[in-house]
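Following: one structure in structure tokens, then a few remarks.
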Amino acid sequence: MKLLRFPYLVQQAIMSTMDYQDLFLLSFCSKRMKNLVISSEKYRFKEVQIVKYKLIGGIVSIQSLGDETLDNKVIYPIFKIMIEIFRFNAKSNMISFKIPMERIGKKKYKIIRFPSTIEATLDHVLDIFGQHHDFLVCTYHLSDLRILSKLKNVKRSHLCLVGNTCADQLDEYFSASPKQKYIQCNVTLKGELKEDSGFYTTDLIDLHDHSSMSVGILKHFTGRKAFLRTERLENSDIIQFVQRWKYGKGHQNLEILIVRLDDYYSSFEPNEVKKSIRIENLSRNPPIFLVDTTYIFDSRSWKKPSFSSWTYVVRETDQHVASVMIEKQKFVFAVWNMTEEHFLQMDN
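Listed below in structure tokens is the structure:
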């Protein structure tokens, strides 16, 4: 290419006028061109905070986001500023670039296609953007999950899956990208996740469960926050969860758990649960627990920004306190980072 014949400063000046899509397309021309793009535009690519893989059916599109900070903002509004870079068809192993072609009165696009494996393409993405970026996965009506396990460095996932999802395939994905910051998942699971599944190491889980995933979370979750919508949970699942926490046998990092039953023909028995665990009662003025909803894609009425309860339990290992609320359709468990002595002082 003629661009490679110019002095380096001229090359930099030319590429500084290009947008991300043009630079990314240019990087596929040759290994030498890719290295030139990386070296001359590395500071621009560092400005991209998030790289989003969007999977719809068999199509993968990769998009870049600006310098928004997810730690302080809800994710959803940021979707509006994404820039599509290219698409990958998993069935035909073809990359499609949508190149804008200006025309008088309207904009047209030219489609350029060439063969590549998904592994080579994803490695190319990591080379260009660097592995320090926040990689986000969004799926819509995805039925074949094999492509998920090929993704690397994923920190956040939004999974909307079609039909019964094989537990083994989901385990492979979370094995490839464990300890994610955030997962929002709408799924009907076929089978059971492994007890040491990377899914349970997620910092925050927001799950719409049509099977038995919520039971596994109550047993094996090691993250900080879980918001669960499920069709069925037994009283015994809630009782065993509280007992594991009370006796220091699990959930050491937990801050908040909220469970809502979507099936109105299924309900908890609050009295049965309270009889099975030692519940303490406050005399008056229960303190307000503030729920941090960072990373949540959409707010629902049952995800209250704060809540209070007259009842609590005490962990035997360190005397720390968790507020408990149990109703027919909802269970809330909120852990205070303080001992019972300090907690009761807040009550006065």
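Numbering (the working numbering), first residue to last: 637 to 984. The beta carbon of each residue, even a glycine, is placed where N, CA and C say it ideally should be.
Asked, Found
"Exposure of threonine 866, with buried meaning 16 or more beta-carbon neighbours within 10 Å", "buried"
"Exposure label - leucine 672; buried when at least 16 CB within 10 Å", "buried"
"Distance between beta carbons of phenylalanine 904 and lysine 964, contact taken as under 8 angstroms", "6 angstroms"
"Nonlocal neighbours in the same chain, by C-beta distance under 8 angstroms from glutamate 1022, ignoring five residues either side", "Coverage of the chain is limited to positions 637 through 984, which leaves residue 1022 absent and any answer about it impossible."
"Same chain only: Cβ atoms within 8 angstroms of isoleucine 740, ignoring 5 sequence neighbours per side", "Caution applies to isoleucine 740, whose pLDDT of 45 falls short of 50 and renders its modelled position unreliable; the value that the coordinates give is listed next. Closer than 8 angstroms at the Cβ level, and outside the excluded window around isoleucine 740, lies no residue."
"CA-to-CA distance, valine 960 to alanine 970, given in whole angstroms", "7 angstroms"
"Serine 959: first and last residue of the uninterrupted beta strand (DSSP E) it sits in", "956 to 962"
"Reduced DSSP category for histidine 768 - H, G, I as helix; E, B as strand; rest coil", "coil"
"Straight-line Cα distance separating tyrosine 656 from histidine 956", "50 angstroms"
"Test item: CB-CB of isoleucine 875 and isoleucine 913 under 9 angstroms", "yes"
"Buried versus exposed call for alanine 649 [16 or more other C-beta atoms within 10 Å across all chains shown]", "exposed"
"DSSP state of tyrosine 900 mapped onto helix, strand, coil", "coil"
"Exposed unless 16 or more other CB atoms sit within 10 angstroms - verdict on glutamine 699", "buried"
"Under the three-state DSSP convention, the category glutamine 805 falls into", "helix"
"C-beta atoms of isoleucine 915 and threonine 947 nearer than 9 angstroms", "yes"
"C-alpha distance - glutamate 908 paired with leucine 778, whole-angstrom precision", "40 angstroms"
"Spatial neighbours of leucine 787 in its chain, beta-carbon cut-off 8 angstroms, leaving aside the 5 residues before and after", "Tyr689, Leu758, Phe771, Val773, Tyr809, Ala812 and Ser813"
"Coil, strand or helix - methionine 654 by DSSP", "coil"
"Start and end residues, alpha helix (DSSP H) containing asparagine 871", "871 to 882"
"For glutamate 977, the three-state DSSP class (helix, strand or coil)", "helix"
"Where the alpha helix (DSSP H) containing asparagine 671 begins and where it ends", "667 to 676"
"Element boundaries [beta strand (DSSP E), containing leucine 691]", "686 to 692"
"Of the residues His846, Asp807 and Asn889, the one placed nearest asparagine 822, counting alpha carbons only", "His846"
"Three-state secondary structure assigned by DSSP to glycine 827", "coil"
"Assigned secondary structure, lysine 910 (DSSP; H/G/I helix, E/B strand, else coil)", "helix"
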